[in-house]
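Let me begin by presenting the structure, written as structure tokens, before commenting on it.
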Amino acid sequence: MRVIVFGQTGQVARELAKRSAQFDITALGRAEADLSDPAVCAKAVAESNADVVINAAAYTAVDKAEDEEALATSINAEAPGAMARACAAKAIPFLHISTDYVFDGQGENPWRPDTPTAPQNAYGRSKLAGENAVRAAGGAHVILRTSWVFSSHGNNFVKTMLRLAQTRDQLTVVDDQIGGPTAAGDIADALLKIASQMVQGAQGGTYHFSGAPEASWADFAREISAQSGSGTTVAGIPTRDYPTPAIRPLNSRMDCSATARDFGITQPDWRQSLAQVLRELNV
Ligand code: NDP
């Protein structure tokens, strides 16, 4: 299976590239395909001999997006739309990653793929516009919504907690946002499993994939402290005591049952994936 991946340096993109022993993966970085230029992205697909295309690149600076919504929308919506149309023209499947931030965060029920969306911040709006553009292209596609991504690369919550633990004995962490931490490696495995099935004619659509069990950021921080042996204690605080430019949804729970039913992909235990990431970081 020949796979074109948009993104080289990101958390999920790096994990996809690591799996190139099993799959013929070509990763396109910013130099080859800048997502702020959708036509370049479409041309890269049109000129490729790919069996399937995965978009692992995105504008992911959630707070900065409040001031740069036009740029975020170009990268998160216009470029994926152009990629999806180019894939449809070649009759090859397109896999795109989206986010729980397309939901409003109210209540405590897990979001289903068909739950109505209502993003609360600019990043979420740009990602929802991307989903709509991919669907409108009319080709075979999977939109995989995930949440709380962590890995041994890039910027993420695990690395932030480990860094803070070097200088602090106690941390205060938000405990009223509930979701599923998800390892980038698990997302890469899920994407490649989905890609194989899409190449063989699976139907596709919109799906959810996140780690289990559900946790608050404070729970996540406590597990990082326990597994790393840092000894840092974690005190929970409400979101209202940790103001950020972009509103974060309180409820990020996702119902991933359709992903298990249609693709045979079950929710990974994020605590086991965390142990793997800590090993990679030599912690
Ligand atoms: P990262 O923030 O780790 O990486 C983003 C990637 O996008 C980088 O490779 C970056 O390249 C690339 N990129 C950004 N702007 C451009 C551009 N203009 N042209 C080309 N490449 C660009 O992302 P993740 O791996 O964490 O996220 C993967 C997907 O998962 C995204 O779709 C994201 O929206 C989604 N997601 C992420 C969550 C998270 O917690 N991180 C939660 C839910 C969903 P460069 O290094 O050159 O900037």
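Going by the numbering used here, the letters in the sequence shown line up with residues 44 to 326, in that order. Yeah, the Cβ is synthetic: ideal placement off N, Cα and C, and Gly gets one too.
In terms of Cα proximity to His184, the closest of Pro123, Val55 and Arg62 is Pro123. Of the candidates Val217, Trp191 and Glu151, Val217 places its Cα closest to the Cα of Arg283. Contact between the stretch 283-298 and the stretch 142-153 is present, with at least three C-beta pairs closer than 8 Å.
Following the DSSP letters along the chain, one finds Ser141 in no alpha helix (DSSP H) but inside the beta strand (DSSP E) bounded by residues Phe137 to Thr142. One alpha carbon belongs to Gly279, the other to Thr142, and they sit about 24 Å apart.
Excluding sequence positions up to five before and after Thr302, its CB lies within less than 7 Å of the CB of Tyr250, His251, Phe252 and Ile308, all in the same chain and listed in chain order.
For Thr276 against Ala208, the beta-carbon gap comes to about 10 Å, at or over 8 Å, which does not count as contact. Here Ile135 is not near Val48, since their CB atoms are 9 Å or more apart. Where Gly167 is concerned, the enclosing alpha helix (DSSP H) starts and stops at Ala165 to Ala179.
Taken through DSSP and simplified to helix, strand or coil, Ile118 comes out as helix. Taking every protein chain shown into account, the CB of Arg188 has 16 or more other CB atoms within 10 angstroms, so this residue is buried. No Cβ-Cβ contact shorter than 9 Å links Ala264 with Phe306.
Setting aside the 5 residues that flank it on each side, Thr160 is surrounded in the same chain by Val145, Phe146 and Leu171, each with a C-beta closer than 7 Å to its C-beta; the list follows chain order. Residue Leu205 holds the alpha-carbon nearest to the alpha-carbon of Glu266 among Leu205, Leu324, Ala233 and Pro286. A direct Cα-to-Cα measurement between Arg128 and Arg211 gives close to 50 Å.
CA-CA distance, Val326 to Ala89, rounds to 43 Å.
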